[in-house]
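Following the numbering used here, the numbering of the sequence shown begins with 200 at its first residue and continues without gaps. These notes concern the structure reproduced below.
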Amino acid sequence: MSAPQPTEQPPEQPTQQPSELQVVPMTQAHLDAVMPYEVSMFGTEAWSREAYRDELRDNRYRRYFAVLRGSASDGELLGWGGVRVIGKEAEILTIGVVPQARRAGVATLLLRHLLADATRRSADEVFLEVRIDNEAAISLYRREGFADLGLRRGYYDGGRIDALTMHRRLTQEATV
200 MSAPQPTEQP PEQPTQQPSE LQVVPMTQAH LDAVMPYEVS MFGTEAWSRE AYRDELRDNR
260 YRRYFAVLRG SASDGELLGW GGVRVIGKEA EILTIGVVPQ ARRAGVATLL LRHLLADATR
320 RSADEVFLEV RIDNEAAISL YRREGFADLG LRRGYYDGGR IDALTMHRRL TQEATV
């Protein structure tokens, strides 16, 4: 009698999703697709290519994933995100969804994948910050169990926009 095989894929393997969507580990090869959106979507808060390169090199604590339509090797980029885990705490570092893929479940898929990755790495709580004027993201985070924690006054856009900080407890059942 053989031992049962695990049903959960390790985070290094692409996760096949319905409708040909895959969540794959983000690599430097994805940066050519990410960077134009990063700049257009996040403006003055956009990360530089070099910042992403540094983040992708530091995979002890940080992991980044891309959502692709099609194959893992040459699929169309729909979104990307990152999570950092240190000890029992996780932080969602960034989530971006290309405009043409919004309202199609990409952000939910990506957020759930980031939460599952944090759970697999033994985090028991997760934090994030979001622009107070990003109603779609705040709504998503609340639907996914995040609660408001506080405000960081003048955090974004040269001190003009506040950040809402949010928190959620994780359970070991969180998987993708």
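From the three backbone atoms N, C-alpha and C, an ideal C-beta is built for every residue, glycine too.
If you count every other CB in all the chains shown that lies within 10 Å of the CB of residue i, and 16 or more means buried, which is it?
| i | result |
| --- | --- |
| residue 328 | buried |
| residue 221 | buried |
| residue 228 | exposed |
| residue 285 | exposed |
| residue 231 | exposed |
| residue 307 | exposed |
| residue 353 | exposed |
| residue 350 | exposed |
| residue 274 | buried |
Please check the pair residue i and residue j, which I expect to be a contact at CB under 8 Å, by giving their CB distance rounded to whole angstroms.
| i | j | result |
| --- | --- | --- |
| residue 324 | residue 368 | 5 Å |
| residue 233 | residue 271 | Their Cβ separation, rounded to whole angstroms, is 16 Å, which puts residue 233 and residue 271 out of contact at 8 Å. |
Just to confirm, does residue i get its C-beta within under 7 Å of one of the non-hydrogen atoms of the ligand GTP?
| i | result |
| --- | --- |
| residue 303 | The ligand GTP is not part of this structure, which contains no ligands at all. |
Return the chain-ordered list of same chain residues with a C-beta closer than 8 Å to the C-beta of residue i, the five sequence neighbours on each side being excluded.
| i | result |
| --- | --- |
| residue 287 | 321, 322, 323, 324 |
| residue 238 | 245 |
| residue 309 | 222, 264, 266, 278, 279, 280, 294, 296 |
| residue 250 | none |
| residue 357 | 243 |
| residue 370 | 318 |
| residue 332 | 360 |
Cutting at 7 Å between CB atoms, please list the residues of its own chain near residue i, excluding the five before and the five after it.
| i | result |
| --- | --- |
| residue 305 | 266, 277, 278, 296 |
| residue 355 | 244, 330, 362 |
| residue 337 | 329, 363 |
| residue 268 | 219, 220, 274, 275, 277 |
Ignore the nearest five residues each way along the sequence and tell me which others in residue i's own chain have a CB closer than 6 Å to its CB.
| i | result |
| --- | --- |
| residue 345 | 365, 367 |
| residue 359 | none |
| residue 326 | 290, 366 |
Check whether the Cβ atoms of residue i and residue j sit closer than 8 Å, and answer yes or no.
| i | j | result |
| --- | --- | --- |
| residue 292 | residue 252 | no |
| residue 283 | residue 290 | yes |
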